[in-house]
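Colleague: Pasting in a structure now, in structure tokens, and then I'll have a few things to ask.
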Amino acid sequence: MRLLLRIVTLACLCVMAACGGGGGTSSNAGTPSIDVSGANVATITVGAGPVVNGQTLTAPNIPFVTLTICVPNTSTCTQVDHIELDTGSAGLRLVSSAAIAALGLPLETVTGGDTLAECAQFADGVTWGAVRLADVRIANELASGIPVEIVADSAVPAIPEACSSISTPLQTVTALGANGIVGVGTLVNDCGTSCEQQALDYYYGCTASSCSTTTLDQDAQVPNPVAHFASDNNGTIIEMPSLPAAGSAAAQGAVIFGIGTQSNNGVSGVTVYTTDSSGRFTATYGGAALNQSLVDSGSNGLFFPSAIAGCSPTSSASGFYCPASTAAVSVAVTGTNGATTTVDLSIGNALSLFASGNLAYDDIGGSLSGLFDFGLPFFYGRTVYTAISGQSTPAGAGPYYAF
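Going by mature numbering (1 follows the signal peptide of the UniProt record, and there is no 0), the letters in the sequence shown line up with residues -17 to -1, 1 to 386, in that order.
Below, the structure is given as structure tokens:
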């Protein structure tokens, strides 16, 4: 079974207090930005998060976009901001709110009429909620009548132990660090054939009082919304600005929908690195071939196994690396097609960097065994393509990353 990766560790989310407005002043007055226009372009904002009970959530390197959610085939809609854009997963998950509840989105059901619920699994936790149908619009793109997970939806019982025991429940905006997550990675849907063939701890059929695991056809699973656009549906291109060495208070980039479908999304000046069916490739670092590596905008750092000194576990930067001086990191990327390149990155002292109060950094990272997670720091100063599995593009069929 595939685990959806959004490797923003709990330690990383706990940095919110250190990076908040009360912690210091930004060292950079300007906001680095990318200027890309078009009906298939949405703005990505890295900066202050959503407001909860009058307090603004702040965590470093969270890429936010804004979506419009509608009752299928109607003009009854609500706009939801601060949705995390994640190339490491598939599917839209929204934390339940008064505005979402007021829409009355239709529930998806399973055979027998039970309500469909989902236990979506990320590297830092799980989300539990009902699956409802919605029209989802981002920029001028529309995914019509797709299943979405409404986290902490009162239409289903409380999170079952079989789900909560997997990892920490992320049932609130504060726990998630966002109003939702939109997964626009290489996969068409979030579980695939695994959930068709077995009743895993992923999809459930629920009565008013209990829930049981269920198999689920792929066309009923929570999908990558990009794959359901009428056009521009074969992948995404993310462009983020370069950052100064000390980071920036905020940053603004763009996600362009489609690859080679319009004049603003051609494939040029990049190398294609194909992946396995789960969107993984090999990254070689420190002599170790890490063959479960991925490019993941939903991770707020570069996460990989290293002897680089970690920050004190009692510090606000616990979980991150804190080298005495900036560490150079050279990693070889190899696609399943044999294409290879060396990527040069840097790791700074997270505790020192966070003291600035900035929220956008291209050089923070932390320890993770078994893979190299090219999180949001990798995206700054680059144009990164993510092609969806089975979809054709001018550079070949997905799944692949290109940069």
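Cβ coordinates follow ideal geometry from the N, Cα and C atoms, glycine included. Since we're looking at a predicted model, the values are computed, not measured.
Where does Asn123 land, buried or exposed, given buried means 16+ other C-beta within 10 angstroms?
Modeller: With fewer than 16 other Cβ atoms within 10 Å, it is exposed.
Colleague: Please state whether the Cβ-Cβ distance between Gln201 and Val171 is less than 9 Å.
Modeller: Yes; because the gap between Cβ atoms is below 9 Å, this pair is in contact.
Colleague: Just the C-alpha distance for Phe355 and Thr70, rounded to the nearest angstrom, thanks.
Modeller: The straight-line gap from Cα to Cα measures roughly 15 Å.
Colleague: Kindly indicate which residue of Ser246, Leu99 and Ala210 has the alpha-carbon position closest to the one of Gly193.
Modeller: This sequence places Ser at residue 193; Gly is not what is there. Taking only the C-alpha atoms, the option nearest Ser193 is Leu99.
Colleague: Would you list the one or two residues that DSSP bridges to Ser313?
Modeller: In DSSP, Ser313 forms a bridge with Asp327.
Colleague: Spell out the partners DSSP gives Gly87 in its beta bridges.
Modeller: DSSP lists no partner for Gly87.
Colleague: Using DSSP with H/G/I as helix, E/B as strand and the rest coil, what is Cys178?
Modeller: Helix, per DSSP.
Colleague: Are at least three pairs of beta-carbons, each pair with one atom in the segment 365 to 374 and one in the segment 317 to 334, less than 8 Å apart?
Modeller: Because the criterion of three Cβ pairs below 8 Å is not met, the segment 365 to 374 and the segment 317 to 334 do not touch.
Colleague: Is Met(-17) buried or exposed, if buried means 16 or more other CB atoms sit within 10 Å of its CB?
Modeller: Any reading at Met(-17) is ruled out, since the residue's pLDDT is 20, under 50, leaving its predicted position unreliable.
Colleague: Pull up the DSSP beta-bridge partners for Asn172, would you.
Modeller: Answer is Pro206, bridged to Asn172.
Colleague: Grab me the residues of Gly7's own chain with a C-beta within less than 8 Å of its C-beta, minus the 5 sequence neighbours each way, in chain order.
Modeller: Note that Gly7 scores 36 on pLDDT, short of 50, meaning its location in the model is unreliable; the coordinates nonetheless yield the value given after this. If we look at Gly7 and ignore the five residues flanking it on each side, its Cβ neighbours are Ala338, Ser339 and Gly340.
Colleague: Is Phe362 helix, strand or coil by DSSP?
Modeller: Reduced to three states, the DSSP call for Phe362 is helix.
Colleague: Is there a Cβ from chain C that is less than 9 Å from the Cβ of Ala182?
Modeller: No chain C appears in the structure shown, which is made up of a single protein chain.
Colleague: Our contact map puts Glu179 next to Pro130 with C-beta atoms below 8 Å; I'd like the distance itself, whole angstroms only.
Modeller: Actually they do not touch by this definition, with Cβ atoms about 15 Å apart.
Colleague: When you compare the CB positions of Leu77 and Ile133, do they come within less than 9 Å of one another, or not?
Modeller: A contact, by the Cβ cut-off of 9 Å.
Colleague: Just the C-alpha distance for Thr267 and Val314, rounded to the nearest angstrom, thanks.
Modeller: Using only the alpha carbons, I get a separation of about 6 Å.
Colleague: Does the Cβ of Glu144 have 16 or more other Cβ atoms within 10 Å, making it buried, or fewer, making it exposed?
Modeller: The residue in question, Glu144, is exposed, as its Cβ has fewer than 16 Cβ neighbours within 10 Å.
Colleague: Measuring only the C-alpha atoms, how far is Ala25 from Ser329?
Modeller: Looking at the two C-alpha atoms, the distance is approximately 28 Å.
Colleague: Apply the 10 Å Cβ neighbour rule to Pro43 and answer buried if 16 or more other Cβ atoms are within range, or exposed otherwise.
Modeller: By the 10 Å Cβ count, Pro43 comes out buried.
Colleague: Do you know offhand how far Arg(-12)'s Cα is from Asp107's?
Modeller: Because the pLDDT at Arg(-12) is just 32, under 50, the model does not fix this residue reliably, and the value given afterwards should be weighed accordingly. C-alpha separation (whole angstroms): 7 Å.
Colleague: By how many angstroms is the C-alpha of Gly348 removed from the C-alpha of Thr14?
Modeller: So the two alpha carbons sit approximately 22 Å from each other.
Colleague: Taking the Cβ atom as the reference point for each residue, do Ile283 and Gly243 lie within a distance shorter than 9 Å?
Modeller: One point to set straight first is that residue 283 is Asn, not Ile, in the sequence displayed. Cβ atoms of Asn283 and Gly243: not closer than 9 Å.
Colleague: Would a C-beta distance cut-off of 9 Å place Tyr383 and Val255 closer than the cut-off?
Modeller: In this structure, Val255 lies closer than 9 Å to Tyr383 by Cβ.
Colleague: Exposed or buried, Ala135, counting other C-beta atoms within 10 Å across all chains shown (16 or more means buried)?
Modeller: Buried, since its Cβ has 16 or more Cβ neighbours within 10 Å.
Colleague: In the structure shown, what three-state DSSP assignment does Ser231 receive?
Modeller: It is a strand residue.
Colleague: Give the DSSP-derived three-state secondary structure of Gln201 in the structure shown.
Modeller: Reduced to three states, the DSSP call for Gln201 is helix.
Colleague: Using a Cβ distance threshold of 8 Å, determine whether the segment 25 to 37 contacts the segment 230 to 250, with at least three qualifying pairs required.
Modeller: Result yes; three or more Cβ-Cβ pairs closer than 8 Å.
Colleague: Could you compute how far the alpha carbon of Thr39 sits from the alpha carbon of Ser301?
Modeller: If I take the Cα positions, the gap works out to 21 Å.
Colleague: Report back the beta-carbon spacing between Asn162 and Val63 to the nearest angstrom; my notes put them in contact at under 8 Å.
Modeller: That pair is a contact at about 5 Å.
Colleague: If you reduce the DSSP assignment to three classes, tell me which class Val19 lands in.
Modeller: Reduced to three states, the DSSP call for Val19 is coil.
Colleague: Quick check: the Cα distance between Val54 and Ile83, rounded to an integer number of angstroms?
Modeller: Taking the straight line from one Cα to the other gives about 10 Å.
Colleague: Going by CA-CA distance only, name the one from Pro377, Glu101 and Ala378 that's closest to Thr198.
Modeller: Selected option, being the one with the closest Cα: Glu101.
Colleague: From this set, Pro377, Ser251 and Ala310, which residue's C-alpha is nearest Asp215's C-alpha?
Modeller: Measuring from the Cα of Asp215, the nearest candidate turns out to be Pro377.
Colleague: Going by alpha carbons, who is nearest to Ile17 out of Ala385, Val167, Glu222 and Ser276?
Modeller: With distances taken between Cα atoms, Ile17 lies closest to Glu222.
Colleague: Between Pro296, Leu359, Tyr185 and Ser20, which has its C-alpha nearest Phe47's C-alpha?
Modeller: Phe47 has its Cα closest to that of Leu359, out of Pro296, Leu359, Tyr185 and Ser20.
Colleague: Name, in chain order, the residues that DSSP records as bridge partners for Val114.
Modeller: Val114 is bridged to Glu132.
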